[in-house]
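**Student:** This structure is in structure tokens; I'll ask about it shortly.
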Amino acid sequence: MIKDILKKRLIIIFISLSVFILTLLFPEMNPQTNNLTITYNSTPWSLYIPNKDQLASRITVMSKSDNIEDKAKEIISYLTIGSSNTIYLPDAFFPIIPYNTTIKNIKIENKILHINFSKELLSLNKNNARLAIECITYSLLEIESIEGIILYVDNVLLTSVPETNERITYPLTRQFGINRINKIQNIKNTSITTSYYKANEKNYFYSIPVTTIQNSNQNKIEIVIEELKSNPHIKTNITSYLKASTELENYETLENEIKLSFKNLLDEEIIEETTYAISLSLRDTLNISKVEITKPLEQPQ
37 MIKDILKKRL
47 IIIFISLSVF
57 ILTLLFPEMN
67 PQTNNLTITY
77 NSTPWSLYIP
87 NKDQLASRIT
97 VMSKSDNIED
107 KAKEIISYLT
117 IGSSNTIYLP
127 DAFFPIIPYN
137 TTIKNIKIEN
147 KILHINFSKE
157 LLSLNKNNAR
167 LAIECITYSL
177 LEIESIEGII
187 LYVDNVLLTS
197 VPETNERITY
207 PLTRQFGINR
217 INKIQNIKNT
227 SITTSYYKAN
237 EKNYFYSIPV
247 TTIQNSNQNK
257 IEIVIEELKS
267 NPHIKTNITS
277 YLKASTELEN
287 YETLENEIKL
297 SFKNLLDEEI
307 IEETTYAISL
317 SLRDTLNISK
327 VEITKPLEQP
337 Q
């Protein structure tokens, strides 16, 4: 009798131990969560950052932020040396804001973003300081509804590009220019335009904007189209989005919109990236948000 009881108890203990071990090895799964799913609420985002030739480049990164302040912080993190986001940058692109630079506070007033940096920002040198301001400005202006940027260091307005005599006019907009080429010979009829070109780094395609300052009486739309057909001869090997034989037939300027018509532009050339480059160029030059390219009517044979 006693043996039978002991035997039953040993069996129960054995079964209990077996169940316990199996539980450790194969934890119970909730039927609604038996698959491991990691969700990143991220969206593609345009960032301006130096390439290996120290030219501000427009690349695509992922953003997980929803509100303006968090987006601004995330952008600055991508641009800051040693920050957590830099590991996500494609090869051949490098952060430029000095190591240990932090954001003290951010304020948005009347569509102007005020951003206050720590004193480490002032450790920029004269060779890269303007490039850093360009990348900060153009990247932050990608935030929807932001129309201008004002920079502070330790609560004091940054009045000039660090280590240079170049004064900063606020608010900073895309009129500040990026990768500037200065062709002016005098102060008369000065025209400032920005054009986007295609670049390729180990099969990673991106854009390089170039701001040209020159003396010209031409309409800025015409200047931009001419620039897009040429090569500005910068360090990086780039290509133009338009062929040299392409001719601007007509254009119409509406409220915040431009309609363009070209000659010698084949159907297959009216592609997304070409329209995109023209749109970005005219956006930066004229603050236009919409560009429509129309096909000219065929002439009778």
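Take 37 as the starting number for the sequence shown in my numbering and just add one per residue.
We treat Cβ as the ideally placed atom computed from N, Cα and C, and that holds for glycine.
Would you mind giving the Cβ-Cβ distance between K256 and L322, rounded to the nearest angstrom? I have them listed as a contact below 8 Å.
**Tutor:** Residue 256 sits at position 220 when you count from the first residue of the sequence shown. Residue 322 sits at position 286 when you count from the first residue of the sequence shown. Between L322 and K256 the Cβ distance is about 6 Å, and since that is below 8 Å, they are a contact.
**Student:** Three-state secondary structure (DSSP) at K326?
**Tutor:** Indexing the sequence shown from 1 puts residue 326 at position 290. Residue state, collapsed to three classes: strand.
**Student:** Run through the DSSP bridge pairs and tell me what K265 is partnered with.
**Tutor:** Stepping through the sequence shown from its first residue, residue 265 is reached at position 229. Per DSSP, none; premise fails for K265.
**Student:** So for S317, helix, strand or coil by DSSP?
**Tutor:** Locating residue 317 in the sequence shown gives position 281, counting from the first residue. Helix.
**Student:** Let me know if S317 comes out buried or exposed under the rule of 16 or more other beta-carbons within 10 Å of its beta-carbon.
**Tutor:** Residue mapping note: residue 317 aligns to position 281 of the sequence shown, counting from 1. S317 should be labelled buried.
**Student:** Can you find the residues in the same chain that come closer than 6 Å, C-beta to C-beta, to L61, ignoring five residues on each side of it along the sequence?
**Tutor:** Looking up residue 61 in the sequence shown gives position 25. With a pLDDT of 44 at L61, under the threshold of 50, the predicted position of this residue should be treated as unreliable, and no value is reported.
**Student:** Assuming E293 is part of the alpha helix (DSSP H), what are its boundary residues?
**Tutor:** Position 257 of the sequence shown, counting from 1, holds the residue named residue 293. Run containing E293: none in the alpha helix (DSSP H); it sits in the beta strand (DSSP E), 293-299.
**Student:** Y145 bridges to which residues according to DSSP?
**Tutor:** Within the sequence shown, residue 145 is the residue found at index 109, counting from 1. For the sequence presented, residue 145 should be read as Glu rather than Tyr. Its beta-bridge partners are I148.
**Student:** Is it true that the CB of T137 sits closer than 7 Å to the CB of E156?
**Tutor:** Here residue 156 is taken as the residue at index 120 of the sequence shown, counted from 1. Here residue 137 is taken as the residue at index 101 of the sequence shown, counted from 1. A contact, by the Cβ cut-off of 7 Å.
**Student:** What do you get for E263, buried or exposed, if any count of 16 or more other CB atoms within 10 angstroms of its CB means buried?
**Tutor:** Start at 1 with the first residue of the sequence shown, and residue 263 comes out as number 227. Classification for E263: buried.
**Student:** So, using beta-carbon positions, are I185 and T173 closer together than 7 Å?
**Tutor:** Working through the sequence shown from its first residue, we reach residue 185 at position 149. Working through the sequence shown from its first residue, we reach residue 173 at position 137. Contact: yes.
**Student:** Let me make sure I understand the geometry here. Which of S93, T209, S181 has the alpha-carbon closest to that of I104?
**Tutor:** Position 68 of the sequence shown, counting from 1, holds the residue named residue 104. Considering only alpha carbons, the answer is S181.
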